[in-house]
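Trainee: Just so you know, the protein sequences line up as chains A and B, in that order. Here the numbering used here is used: the first residue of the first sequence is 28, the next is one more, and so on. Here the numbering used here is used: the first residue of the second sequence is 129, the next is one more, and so on. All C-beta atoms, glycine included, are put in the ideal place defined by N, C-alpha and C. Got a structure for you, written out below as structure tokens; questions coming shortly.
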Amino acid sequence: MAVTIEDVKYIANLSHLKFDEKELESFTHQFNEILTFFEKLNELNTDNVVPLSHPVENVNVFREDVLVSSVEREEALKNSPDRNDNYFKVPKVINK
Amino acid sequence: MLQYKNHFQKLELLRANKLSLKKNVQDFLTSIAKSKNLNAFNFVFEDCLDNAEIIQKKIITGEAGKLAGMVIAIKDVLSIKDKPLTCSSKILGNFNSIYTATAVQKLINQDAIIIGKTNCDEFAMGSSNENSAFGPVLNPHDNSKVPGGSSGGSAVSVAAKLCDAALGTDTGGSIRQPAAFCGVFGLKPTYGKVSRFGLTAYGSSFDTIGPFSNSVEDTALILEVISGKDEKDSTSAESEKINYSNSLTTDKKFKIGIPKEFFGAGLNQEINVAIHNILNKLKSEGHEIIDVSLPLSEYSIPTYYILATAEASSNLARYDGAHFGFRSKDTPNLKELYTNSRTEGFGKEVKRRIMLGTYVLSAGYYDAYYNKAQKVRRLLKESYDKVFKNVEIILTPTTPTTAFNLGEKSNDPLEMYLTDIYTTSANLVGIPGMNIPVGFDNKKMPIGMQLMANQFNEIAILQLGKVISEL
């Protein structure tokens, strides 16, 4: 099934990424090539196979529910691109 | 030229005062400065010289740890408190870690000296180290060739003797392939053997941390130090504690499986010959060489790239320009802040993988790609389980060719993905694999051979690796 430039635009929007027309065209071409290659898996019959999500299959890993301190506020804010006092600062999201 | 072949010899020299650790570290710093053109390091820690004096004193008074004075470089995807962590990406250009990765902390606890952070493919995505915001790394054996990736800087730092050893990470071959291209030892441990706490996530069900070094002894010693269960990583595993470095010598005769699918048409003849020479020698030493079959091998690359890109697209959603990292100047509203920061901050290959991963996870395609690939992953695992019932080791080439030219494959992503043909299976199945340098081709480029064993059987790989390195 061929991927169109519209599909690529849709995926870009989901991914929060922007591309110019030239990049979109090149992505569409590469996507089709790579997805065709992915479809090689259809040669295999996988009926009744349970999907494997982790190579070392653990059940649940529990720990005691004890209170420990994690990252201090100042440390957490150290790498922020913009801050206001003790808060991360971002552009206004609600228009008046 | 170094006066020692491995860390045990170095420690002896240090204890006998025949080697000054400060001078040793200074020599490495000088070599790094002289080899700047290789572009192996993103950051060099000049202040590690101060540590050298402290550790030398500890060695003399007998209080020093196992790795005392071992000079180690760290791939720039692992956190070290108060040091930069960029993942070779513009999006983390100004980021400083606020804690230290468990694997790195364990090295420091044993008195290793951390000399700097190495260049790599952006977020560990790549097979040539050409996808880095710091520019490509060059192969020390021929500067027109790639060093392999994604841990290219770590492999080069060890191959060019800019440090004693390095840590890298391996999600689809990123330790073993550059180790092969640069002619050094590189071990990808079992999934979960080494805590991933402090490692920047790429493909969480594949990511592993492991050592690069110039000897089996140092590889074993570092593995012994960094492995173990960690409360901070629920996927880290409780495994038998083995003193790897003291268990290397054995009279054991190994049953070694040779999967024919790894020796097909795509394999370079010189690599094939070099490996068969080793096999003949192993046979004459009494090891048993057995033909085995891993018929699903040709499906490993599509399976890997579906699952790894899916995990990557989810893991890299955290880079949004809001809380940390690069923020675009063009931020009229929150959505644009996210989109523009990501668009300006990520490189091409990272964007491609986020897009592919988002596609295979999106409504309507999830079953056709992601779910299908997870099923094939189980079939692959079962096929390896079956082979490991008959043999202890699987021996293969690490790469289909020796190092290729810079720029040769960078415009064709699919061709680049295919270079991982012999390495991705170990990540899909969660088993350990090690590259062993076994000679050079006619252009004097290193040839690598891979040993794989069942989950948590690193000791077999290291023991046979020692046998091979002494053939």
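Rounded to the nearest angstrom, what separates F516(B) and S255(B) at their Cα positions?
Mentor: Looking at the two C-alpha atoms, the distance is approximately 28 Å.
Trainee: With a cut-off of 8 Å, do at least 3 Cβ pairs link the region 413–431 of chain B to the region 477–494 of chain B?
Mentor: Short answer: they don't touch.
Trainee: Please report the straight-line C-alpha distance between P268(B) and N257(B), rounded to a whole angstrom.
Mentor: Those two C-alpha atoms are separated by around 13 Å.
Trainee: How many Å lie between G453(B) and F171(B) at the Cα?
Mentor: The alpha-carbon atoms of G453(B) and F171(B) are separated by roughly 18 Å.
Trainee: For my contact list, F568(B) and K273(B) are in at a C-beta cut-off of 8 Å; report their separation, rounded to the angstrom.
Mentor: The pair is not a contact, with the Cβ atoms about 13 Å apart (cut-off 8 Å).
Trainee: Strictly below 7 Å CB to CB, what residues from chain A border L351(B)?
Mentor: None at all; the shortest Cβ gap to chain A is about 17 Å.
Trainee: Strictly below 8 Å CB to CB, what residues from chain A border F223(B)?
Mentor: Correct list: N106.
Trainee: In three-state terms, what does DSSP make of V172(B)?
Mentor: It is a strand residue.
Trainee: Please tell me whether A288(B) and G576(B) are closer than 7 Å, where the distance is taken between their beta carbons.
Mentor: No, the pair does not count as a contact, with Cβ atoms beyond the cut-off.
Trainee: For a contact defined as C-beta to C-beta under 7 Å, what are the partners of H81(A) on chain B?
Mentor: Per Cβ cutoff of 7 Å: S333.
Trainee: Name the residues in the region 355–366 of chain B whose C-beta lies less than 8 Å from a C-beta of chain A; which are they?
Mentor: Here the close residues are E359, S362, T363 and A365.
Trainee: Check whether chain A comes within 7 Å of M253(B), counting only Cβ atoms and requiring the distance to be less than that.
Mentor: Not closer than 7 Å to any Cβ of chain A, the Cβ of M253(B) fails to qualify, so no.
Trainee: I'd like the span of the alpha helix (DSSP H) that includes K164(B), first residue to last.
Mentor: K164(B) -> no alpha helix (DSSP H), and no H or E assigned at all.
Trainee: Taking the alpha carbon of E84(A) as the point to measure from, which residue in T526(B), T318(B) and N400(B) has its own alpha carbon closest?
Mentor: Cα-wise, what sits closest to E84(A) is T318(B).
Trainee: Any beta carbon of chain B sitting closer than 7 Å to that of V120(A)?
Mentor: For V120(A), the answer is yes, since a Cβ of chain B falls inside 7 Å of its Cβ.
Trainee: Give me the Cα-Cα distance between S341(B) and E598(B), rounded to the nearest whole angstrom.
Mentor: The alpha-carbon atoms of S341(B) and E598(B) are separated by roughly 16 Å.
Trainee: Jot down the residue ranges of each uninterrupted alpha helix (DSSP H) in the region 212–250 of chain B, minimum 4 residues, whole runs only, in chain order.
Mentor: As far as the region 212–250 of chain B is concerned, its whole alpha helix (DSSP H) runs of at least 4 residues are 230–237.
Trainee: Please report whether the beta-carbon of S97(A) lies at a distance below 7 Å from any beta-carbon of chain B.
Mentor: It does not: the Cβ of S97(A) has no partner Cβ on chain B nearer than 7 Å.
Trainee: Can you grab the Cα-Cα spacing for the pair K116(A) / L177(B), in whole Å?
Mentor: Rounded to the nearest angstrom, the two C-alpha atoms are 40 Å apart.
Trainee: Starting from the C-beta of A581(B), find all residues in its chain whose C-beta is less than 7 Å away, skip the five residues before and the five after it, and write them out in chain order.
Mentor: Result list for A581(B): E520, I521, I559, P560, A588 and I589, in chain order.
Trainee: Using CA coordinates, which residue listed in K457(B), L508(B) and K146(B) is at the minimum distance from P9(A)?
Mentor: As shown, chain A starts at 28 and ends at 123. That puts residue 9(A) outside it, with no answer to give.
Trainee: With distances taken Cα to Cα, identify the nearest neighbour of R304(B) among A283(B), A393(B), A293(B) and D292(B).
Mentor: For R304(B), the nearest C-alpha among the options comes from A283(B).
Trainee: List, in chain order, every chain B residue whose beta-carbon is nearer than 7 Å to that of H43(A).
Mentor: Chain B residues near H43(A): Y466, T467 and R470.
Trainee: Indicate the three-state DSSP secondary structure (helix, strand or coil) for F313(B) in the structure shown.
Mentor: Strand, per DSSP.
Trainee: Report yes or no: is there a C-beta of chain B within less than 7 Å of the C-beta of I61(A)?
Mentor: Answer yes: the Cβ-Cβ gap between I61(A) and chain B drops below 7 Å somewhere.
Trainee: Can you list, in chain order, the residues of its chain whose CB lies under 7 Å from that of L130(B), leaving out five sequence neighbours each side?
Mentor: K289.
Trainee: Our contact map puts A168(B) next to N247(B) with C-beta atoms below 8 Å; I'd like the distance itself, whole angstroms only.
Mentor: That pair is a contact at about 6 Å.
Trainee: Which residue's Cα is closest to the Cα of G485(B): L94(A), F65(A) and E101(A)?
Mentor: Of the candidates L94(A), F65(A) and E101(A), the one whose C-alpha sits nearest the C-alpha of G485(B) is F65(A).
Trainee: Check for me: the beta strand (DSSP E) holding P565(B) runs from which residue to which?
Mentor: Residues G561 to F568.
Trainee: Using a Cβ cut-off of 7 Å, which residues of the region 197–208 of chain B contact any Cβ in chain A, in chain order?
Mentor: Under the 7 Å Cβ criterion, the region 197–208 of chain B contributes no residue.
Trainee: Could you check where the beta strand (DSSP E) with V420(B) kicks off and where it finishes?
Mentor: Note, V420(B): beta strand (DSSP E), E416 to V420.
Trainee: Please compile the residues from chain A whose C-beta is within a distance smaller than 7 Å of the C-beta of R86(B).
Mentor: Within the shown structure, residues of chain B are numbered from 129 to 599, placing residue 86(B) beyond reach of any answer.
Trainee: Pull up the distance between the alpha-carbon of G197(B) and that of Y487(B), whole angstroms please.
Mentor: Spanning the two alpha carbons is a distance of roughly 48 Å.
Trainee: For a test of the three-state rule: what should DSSP assign to N11(A), helix, strand or coil?
Mentor: The requested residue 11(A) is not part of the displayed model; chain A covers only 28 to 123.
Trainee: Roughly how many angstroms separate the alpha carbons of F391(B) and V286(B), rounded to a whole number?
Mentor: Distance between the alpha carbons of F391(B) and V286(B) is about 28 Å.
Trainee: Under 7 Å Cβ-Cβ, which residues of chain B neighbour L68(A)?
Mentor: Here the neighbours are Y427, P430, T431, K500, A501 and V504.
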